[in-house]
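*Asks:* Mind having a look at this structure? Questions to follow.
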C-alpha cells in the first residue's frame, strides 16, 4: 500500500478487517514499527473523531504526531498549477508539500468539497497535489468525494457485529439535514460495500438524490424507504446533497428520519451513522439511545481502522 485514498488502494478488505480486530485486542503489539517515525496530520477543515482516532492510532504504533491546521496555523495554500498568485493564497502546494515530505514519514490530509463546482471537487485536486509533490505516503482523512478510513471502520463494525452464516442485508438510507452536505461518506460507503461484495446492498433516497454511479454500481437503488428497509440487518443513516444538480437541497422531508416504528420493518437491524449527527433531524433520540444503535462502537473502531492502515503504509515503506 503506497497511499490510502480509496478502496482501490486495498487488495484484501477482509485481511485489513482481521488486522484491525487484532489491533483492537492487542493495541500496542507493533509499537516498534513506528519508532523514530513521524506523521503529519494536515486539516483543511475541522475534525474530531478522525483527528483524535488517527493520533491515537499513530501513537499506538510508536509514531510521533504533529497536527497542523492549514490556513489557521500557516499560510493559505494555492493548489492550481501555473496559478498567478495575486490573490489570497500565499504559498503553493508545490513548494509546501516537498518540505512536508522531508519532515514526515507519512502525511495525513483532510480536505472538504466546495459544493459549488462538481468538476473541481470530483477531480480531488487538493489531495492529488499532495500525492504528486510530497514524495511520501499520503493518508486520506477525508477528501472532497471519499472518506475511506470511515468506510473501513464501517466494514470492521459490520463484520464484528454480524455472526450469522449468510450475507447481511445492508441499507444506506438518506436522511434529512438542515444544510447541504457532501457525498463523501455515502460515496465511500457504497464503494467499499460494493467492493467487499459480501452483502445484499440497497441504497434508498428521495428522487433526485442519486449518487455518482461509479460508486454505487452493484447496489440496488430503491426510492421507497420502507421497501428498502424490509428485512435489513444494518441501516446506515446519512444525509447528502444532490449530485447531478450539484450541492443542492431539493427535499428535506422529515418523514425520512429513521424511527423505531420503521425499524420494525427490519431484521432488528443495527443502526449506523458516521457522526456528528443532528438528533431528531437525521436520527431520532429513540434510535440513538436505543439498543439497535452501534454508533459509539462504530466511532471507537476508527482507531483500529487508522492503526491498520498506518501499519500497512509503514510496512510497505520499510520493505
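Numbering (the UniProt record's numbering), first residue to last: 1 to 319. Cβ coordinates follow ideal geometry from the N, Cα and C atoms, glycine included. These figures come from a predicted structure and were not determined experimentally.
#1: Once DSSP output is grouped into helix, strand and coil, what is the label at residue 10?
#2: Is the number of C-beta pairs between the region 173-180 and the region 193-201 that are closer than 8 Å three or more?
#3: Could you tell me which residues DSSP puts in a beta bridge with residue 204?
#4: Cα separation between residue 143 and residue 32?
#5: Exposed or buried, what is residue 146 when buried is set at 16 or more other beta-carbons lying within 10 Å of its beta-carbon?
#6: Excluding five sequence neighbours on each side, which residues of the same chain lie with their C-beta closer than 6 Å to the C-beta of residue 152?
#7: Put residue 128 into one of helix, strand or coil per three-state DSSP.
#8: Check whether the region 292-309 touches the region 148-166, counting contact only when three or more Cβ pairs, one atom from each stretch, lie closer than 8 Å.
#9: Once DSSP output is grouped into helix, strand and coil, what is the label at residue 281?
#10: At which residue ranges does the region 45-89 contain complete beta strand (DSSP E) runs of 3 or more residues, listed in the order of the chain?
#11: Please list the terminal residues of the continuous alpha helix (DSSP H) segment that includes residue 181.
#12: Please name the residue or residues paired with residue 258 in a DSSP beta bridge.
#13: Near residue 326, which residues of its chain fall below 7 Å by C-beta distance, leaving aside the five closest residues on each side in sequence?
#14: Kindly indicate which three-state DSSP category residue 166 falls into: helix, strand or coil?
#15: From residue 133 to residue 83, what does the alpha carbon distance come to, in whole angstroms?
#16: What does the Cβ neighbour count give for residue 254, buried or exposed, with the cut at 16 atoms within 10 Å?
#17: Could you check if residue 164 is buried or exposed, using at least 16 other CB atoms within 10 Å of its CB as the buried criterion?
#18: Count the other CB atoms, across all protein chains shown, that sit within 10 Å of the CB of residue 110; report buried if there are 16 or more and exposed otherwise.
#19: Which two residues bound the contiguous beta strand (DSSP E) that contains residue 140?
#20: If the criterion is Cβ atoms closer than 8 Å, does the pair residue 115 and residue 218 meet it?
#21: In terms of DSSP beta bridges, what is residue 236 paired with?
#22: Along the alpha helix (DSSP H) that carries residue 119, what are the first and last residues, could you check?
#23: Between residue 40 and residue 129, what straight-line distance do the alpha-carbon atoms span, to the nearest angstrom?
#24: From residue 125 to residue 42, what distance separates their C-alpha atoms?
*Replies:* Taking the structure as given:
#1: Residue 10 falls in the coil class under three-state DSSP.
#2: The answer is no - the region 193-201 does not touch the region 173-180, with fewer than three Cβ pairs under 8 Å.
#3: In the DSSP output, where bridge partners are listed per residue, residue 204 has 173, 222.
#4: Distance between the alpha carbons of residue 143 and residue 32 is about 30 Å.
#5: That one is buried.
#6: 305.
#7: Three-state DSSP puts residue 128 in a helix.
#8: With a cut-off of 8 Å, the region 148-166 and the region 292-309 count as touching, because enough Cβ pairs lie within range.
#9: Taken through DSSP and simplified to helix, strand or coil, residue 281 comes out as coil.
#10: For the region 45-89, the continuous beta strand (DSSP E) assignments of 3+ residues that do not extend past its boundaries occur at 64-69, in sequence order.
#11: Boundaries cannot be given for residue 181, as no alpha helix (DSSP H) includes it and DSSP labels it neither H nor E.
#12: Under DSSP, residue 258 takes part in a beta bridge, and its partners are 283.
#13: Outside the shown range of the chain (1 to 319) lies residue 326, about which nothing can therefore be said.
#14: In the three-state reduction of the DSSP assignment, residue 166 falls in the coil class, being assigned neither a helical nor a strand state.
#15: Between the alpha carbons of residue 133 and residue 83 lies a distance of about 16 Å.
#16: Exposed, by the Cβ-count rule.
#17: Answer is exposed; the Cβ neighbour count stays below 16.
#18: Residue 110 should be labelled buried.
#19: Per DSSP, residue 140 is one residue of the beta strand (DSSP E) stretching across 138-140.
#20: Cβ distance not < 8 Å, so residue 115 and residue 218 don't count as in contact.
#21: Beta-bridge analysis with DSSP links residue 236 to 172, 272.
#22: For residue 119, the enclosing alpha helix (DSSP H) begins and ends at 118-122.
#23: Between residue 40 and residue 129, the C-alpha separation is close to 16 Å.
#24: Approximately 15 Å, taken between the alpha carbons.
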